[in-house]
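K.L.:
In the working numbering, the protein residues as written are 7 to 550. We treat Cβ as the ideally placed atom computed from N, Cα and C, and that holds for glycine. If you're wondering where the values come from, they're calculated on a predicted model, not measured in any experiment. First the structure, which I've put down as structure tokens, then a few questions once you've had a look.
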Ligand code: OOB
């Protein structure tokens, strides 16, 4: 195995002494994703890897399709380390595409189906992407028009590959060629970019290597006891770190199990799939968990195969957590993770109270945690503080973000998660809040500054501050507090303006309030805490 290759410029990496230690301790084993699929095809060739739509692909079929697609992408001119923005819904082809890219060392940038021109244009431009992969239509939206728009403003973008009716672009189905031998990546190479939920004006890109991500899969598979008998339902957006790798679909492949794709997480789509495919495990965010718990469909479908429901992405209330087993008849596993790395799980055999009241503990004994005060000084045991973390699958920096990295990481390489946590005497984490300027809208992360910048572009907006307001269903919703310039615009007009600027719909404020001035902190900055507090008082009636 060679590790001598230069790293991709702009991707901070682990210091050599850490890398050596992680290799020597066996965390990094010199595997790559391309080889992983090859190995599974060899060992489990005839077993079903992936079910979705009309497809039912065995490991051997998936492997062969990946080889053909990789050859076709290579024939188009896509090369090792080229960036490719992938924005596909929960279809089997998602994995065909990303494994083809993995195998040739090209780098998927994982966009979500909800992203629009603002986000996609930025990802394509920032990563200098050469290709963009989309469905023709999904969720009532035509991605081909979006691709036109993005292509016009991204000089590097040469290919738009469409799953389905390609229109003026290239049909993904037409790309495959006879397999050719391609030089694969090194295990220490970046494999892809995940997106950060972030708190800054633009989303940050998270470079994950084959070595580190495969270790996170192996550890996840171990903790979650995935095996050849696992049937995993992918109900959350496939590109998100949780259903991708905690242990998710990639963990399912690692274990030789079967992944089933649900185009929607709603009970009318997911429950029949659980019944038909005898699904054993799936992952949801808290609001969807509430929908499943309250669904009358639970009685109409046989969900008895379901052993574990994983819930994460946002804080699950203890009350909802306690309802999972009695209502759905399966175990609960809380998952507190982040695309930057660290993932905490409650363990399957933990006592019920620990599962219901905590967000679990790190999956690896090599995860280092610090809980500190505002000055980076460790708090007393059991006190709430900022969570910092470092380890063999937690990044050391975002892609091409030197100035931001200096703030987001400590000098000795700990990632500042922005989460406020406390540690229980048993060593479990409880998420108590958040210090980062972000709204966690039921698992969908909204960076306040990003929305504020878009609002500030409106001629009638003098200043804007975006904050979270409590919500019974989503946990939090987004409120934009605006100081108007002259007469206040209609909230609907402001939201239409944001949509027209191409902002993903989950980032459009749920509520807009107009004020004459913002409360200030001692040093004259906007006090978001005071804003949140005053909104909480004035919004005692739930908004429609
Ligand atoms: C997951 O990843 P991201 O990158 O979308 O968001 C990470 C952030 C965390 O820093 C934390 O603020 C929040 O989401 N979060 C939770 C949580 N899980 C994530 N907050 C409270 N309780 C939880 N259980 O969201 C993610 C990645 C991998 C696995 C699971 C979730």
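1) Is residue 318 near the ligand OOB, with its Cβ less than 6 Å from a heavy atom?
2) Following the continuous alpha helix (DSSP H) through residue 48, name the residue where it begins and the one where it ends.
3) Tell me whether the beta-carbon of residue 212 lies closer than 7 Å to the beta-carbon of residue 205.
4) Kindly indicate the opening and closing residues of the beta strand (DSSP E) around residue 238.
5) Buried or exposed, going by whether 16 or more other CB atoms sit within 10 Å of the CB of residue 306?
6) Just mark residue 198 as buried or exposed, buried being the case when its beta carbon has 16 or more other beta carbons within 10 Å.
7) Output the distance between the C-alpha atoms of residue 85 and residue 110, rounded to the nearest integer angstrom.
8) By the 10 Å Cβ neighbour count, where 16 or more other Cβ atoms means buried, how is residue 330 classified, buried or exposed?
9) What's the C-alpha gap between residue 545 and residue 537?
10) Confirm, please, whether the CB-CB distance from residue 137 to residue 90 is below 7 Å.
11) Taking all protein chains shown into account, decide if residue 442 is buried (16 or more other Cβ within 10 angstroms of its Cβ) or exposed.
12) In three-state DSSP terms, what is residue 376?
13) Candidates 32, 287, 131, 370: which alpha carbon is nearest residue 159's?
14) Cβ of residue 267 versus every heavy atom of the ligand OOB: is any distance shorter than 6 Å?
15) Are the beta-carbon atoms of residue 37 and residue 75 separated by less than 7 Å?
16) Jot down the residue ranges of each uninterrupted alpha helix (DSSP H) in the region 148 to 234, minimum 4 residues, whole runs only, in chain order.
17) Hey, how far is the Cα of residue 65 from the Cα of residue 262?
18) Quick one: give me the first and last residue of the alpha helix (DSSP H) that residue 434 is part of.
19) Closer than 6 Å: is that where the CB of residue 252 sits relative to any heavy atom of the ligand OOB?
20) My understanding is that residue 57 touches residue 283, with C-beta atoms under 8 Å, so please give their C-beta distance in whole angstroms.
21) Tell me whether residue 422, by its Cβ, gets closer than 6 Å to a heavy atom of the ligand OOB.
22) Output the distance between the C-alpha atoms of residue 207 and residue 327, rounded to the nearest integer angstrom.
23) If we count Cβ pairs, one from each stretch, closer than 8 Å, do we get three or more for the region 283 to 293 versus the region 234 to 244?
24) For the region 388 to 397 against the region 414 to 427, are there 3 or more C-beta pairs whose distance is under 8 Å?
25) Hey, is residue 403 close to the ligand OOB, as in C-beta under 6 Å from one of its heavy atoms?
26) Can you give me the C-alpha to C-alpha distance between residue 575 and residue 499, rounded to a whole angstrom?
27) Is residue 369 near the ligand OOB, with its Cβ less than 6 Å from a heavy atom?
28) Leaving out five residues on either side along the sequence, give the residues of the same chain with a beta carbon under 7 Å from the beta carbon of residue 403.
29) To the nearest angstrom, how far is it from the Cα of residue 32 to the Cα of residue 265?
30) Taking the continuous beta strand (DSSP E) assigned at residue 474, which residues delimit it?
31) DSSP three-state label for residue 57, please.
32) Which whole-angstrom value is the C-beta distance of residue 79 and residue 169, which I expect to be below 8 Å?
33) Just the C-alpha distance for residue 495 and residue 122, rounded to the nearest angstrom, thanks.
34) The ligand OOB heavy atoms versus the CB of residue 296: any closer than 6 Å?
35) Looking at residue 449 and residue 320, is the spacing between their C-beta atoms short of 7 Å?
36) Cutting at 6 Å between CB atoms, please list the residues of its own chain near residue 308, excluding the five before and the five after it.
P.N.:
According to the data block:
1) Yes; taking the cut-off as 6 Å, the Cβ of residue 318 has a heavy atom of the ligand OOB nearer than that.
2) Per DSSP, residue 48 is one residue of the alpha helix (DSSP H) stretching across 39 to 50.
3) Cβ atoms of residue 212 and residue 205: not closer than 7 Å.
4) From DSSP, the beta strand (DSSP E) with residue 238 extends over 237 to 240.
5) By the neighbour-count rule (16 or more Cβ atoms within 10 Å), residue 306 is not buried but exposed.
6) So residue 198 ends up on the buried side.
7) Cα-Cα distance, rounded: 7 Å.
8) By the Cβ-count criterion, residue 330 is buried, with 16 or more other Cβ atoms from all chains shown falling within 10 Å of its own Cβ.
9) Those two C-alpha atoms are separated by around 12 Å.
10) In contact: residue 90 and residue 137 (Cβ atoms closer than 7 Å).
11) Under this definition residue 442 is a buried residue.
12) Strand, per DSSP.
13) Closest by alpha carbon: 131.
14) No; taking the cut-off as 6 Å, the Cβ of residue 267 has no heavy atom of the ligand OOB nearer than that.
15) For residue 37 and residue 75, no; Cβs fall outside 7 Å.
16) Runs of the alpha helix (DSSP H) lying entirely within the region 148 to 234, each at least 4 residues long, are 149 to 159, 216 to 230 in chain order.
17) Roughly 8 Å separates the two Cα atoms.
18) It is not in any alpha helix (DSSP H) - residue 434 carries neither H nor E in the DSSP assignment.
19) Checking the Cβ of residue 252 against the ligand OOB gives yes.
20) That belief holds up - the Cβ atoms of residue 57 and residue 283 are roughly 6 Å apart, short of 8 Å.
21) Residue 422: no, Cβ never under 6 Å from the ligand OOB.
22) Their backbone Cα atoms lie some 34 Å apart in a straight line.
23) Because the criterion of three Cβ pairs below 8 Å is met, the region 283 to 293 and the region 234 to 244 touch.
24) Output reads yes: the region 414 to 427 touches the region 388 to 397.
25) No.
26) This structure leaves residue 575 out entirely; the chain is present only between 7 and 550.
27) The nearest non-hydrogen atom of the ligand OOB is 6 Å or more from the C-beta of residue 369.
28) Taken in chain order, the residues that qualify are 18, 411, 415.
29) When rounded, the separation of the alpha-carbon atoms in residue 32 and residue 265 is 27 Å.
30) Bounds of the beta strand (DSSP E) holding residue 474 are 467 to 477.
31) Three-state DSSP puts residue 57 in a strand.
32) Their Cβ separation, rounded to whole angstroms, is 14 Å, which puts residue 79 and residue 169 out of contact at 8 Å.
33) One C-alpha to the other measures close to 24 Å.
34) At a threshold of 6 Å, residue 296 does not count as near the ligand OOB, since its beta carbon sits no closer than that to any of the ligand's heavy atoms.
35) Residue 449 sits close to residue 320, with the two beta carbons spaced by under 7 Å.
36) If you ignore the 5 residues before and after residue 308, its C-beta comes within less than 6 Å of the C-beta of 281, all in its own chain and listed in chain order.
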